[in-house]
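The structure appears below as structure tokens.
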Amino acid sequence: MGEMRKSKWVGGLAHWTDEDTAYISVAFSWMLPKARQLAMDYSKNYWVRAGGPAVWVRPKYLADVAQIGGEVDALLHHNSSATIASRGCPVGCYFCVVPTMEGRDFELLWDFIPRPILCDSNLSGLPIHFQEFVISRYKFEDVPLLDANSGFEPRSFDGDTYIRWKKINRGPWRFAFDEIGEEFEAKRTASILKNEHSSKKRVYVLIGNEPIESGKIVSSLFPKYKTSKDSSESSFSLKNFNLFPLKSRI
Ligand code: SF4
Numbered sequence: 002m003g004e005m006r007k008s009k010w011v012g013g014l015a016h017w018t019d020e021d022t023a024y025i026s027v028a029f030s031w032m033l034p035k036a037r038q039l040a041m042d043y044s045k046n047y048w049v050r051a052g053g054p055a056v057w058v059r060p061k062y063l064a065d066v067a068q069i070g071g072e073v074d075a076l077l078h079h080n081s082s083a084t085i086a087s088r089g090c091p092v093g094c095y096f097c098v099v100p101t102m103e104g105r106d107f108e109l110l111w112d113f114i115p116r117p118i119l120c121d122s123n124l125s126g127l128p129i130h131f132q133e134f135v136i137s138r139y140k141f142e143d144v145p146l147l148d149a150n151s152g153f154e155p156r157s158f159d160g161d162t163y164i165r166w167k168k169i170n171r172g173p174w175r176f177a178f179d180e181i182g183e184e185f186e187a188k189r190t191a192s193i194l195k196n197e198h199s200s201k202k203r204v205y206v207l208i209g210n211e212p213i214e215s216g217k218i219v220s221s222l223f224p225k226y227k228t229s230k231d232s233s234e235s236s237f238s239l240k241n242f243n244l245f246p247l248k249s250r251i
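Straight run, no breaks: the sequence shown in this note's numbering ends on number 251.
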């Protein structure tokens with residue numbers, strides 16, 4: 002099992018059929034127009050259901066061409082290597098869809114199946130005993146953690162978190178720097194990760210979340226980090242905010 006590899010993401014828009022129903026799952030809101038076209042095409046032959054974060058944010062957009070919402074396990078259709086061990090987040094950042102969509106209390110999925118891509122929204126914020134449980138499941142099943150995909154939150158990431166997840170994390174260390182108020186915690190996280198190779202560090206920043214352009218803020222705080230991609234052109238982005246990765250050149 003140790004040589005397991007990551008599958009590719011389908012790109013934010015998953016769709017599949019099961020008997021007489023077509024399912025459409027939309028991760029990113031700028032993909033809603035494409036999802037709408039798909040729904041119209043499918044509706045000629047199938048009952049259509051639609052969900053995902055983008056549909057949650059704009060429920061009316063597909064409401065006339067699909068049944069919206071409901072409990073459907075769509076993650077594996079986005080990436081067959083992906084799994085999730087918890088839902089929700091108690092932090093409640095105003096710009097984030099997770100607390101409203103999944104709740105502000107963590108839902109701990111004790112029966113989760115370890116796979117190489119772990120998609121929990123806030124791994125470092127989880128109860129420590131559950132973090133230990135998740136790590137032990139990966140070790141017991143001998144499944145490599147190749148990507149802690151939604152990463153760690155600087156507010157709760159400390160030296161112990163690093164030591165804990167270092168045991169199994171073979172992928173990049175992802176963390177967010179969403180608000181200037183997180184400067185201290187973001188710098189602390191960068192400091193904790195200082196011995197990790199540059200290729201294994203990723204900082205995520207919300208564009209438009211501060212009065213001045215976020216990339217400039219981060220560039221000034223982390224002069225050795227540089228933007229690698231700017232996706233701010235998307236017209237259907239969540240509240241006009243987008244995430245983009247900064248890749249360390251240290
Ligand atoms: S800590 Fe992360 S997952 Fe939680 S509300 Fe804030 S941005 Fe969302």
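The beta carbon of each residue, even a glycine, is placed where N, CA and C say it ideally should be.
Check	Outcome
Coil, strand or helix - Arg59 by DSSP	coil
Cβ-heavy atom distance, Asn150 to ligand 1, below 7 angstroms	no
Sheet register partners of Thr18 (DSSP bridge)	Ala23
Neighbour flag for Thr18 against chain B, beta carbons, 8 angstroms	Judged by its chain identifiers, the structure shown contains no chain B, having just a single protein chain.
beta-carbon Ser137 near ligand 1 non-hydrogen atom, thresh 7 angstroms	no
Alpha helix (DSSP H) segments (min. 4 residues) lying fully within the region 39–91	54–58 and 76–79
Same chain, Cβ closer than 6 angstroms to Pro60, neighbours up to 5 away in sequence not counted	Ile69
Glu133 burial status per 10 Å Cβ neighbour count (16 or more: buried)	exposed
Residues of its chain near Val99, where Cβ-Cβ distance is below 6 angstroms and the 5 sequence neighbours each way are ignored	Cys90 and Ser122
Heavy atom of ligand 1 within 7 angstroms of Asn196 beta-carbon	no
Best match in Lys140, Ser200 and Tyr95 for proximity to Pro173 [C-alpha to C-alpha]	Ser200
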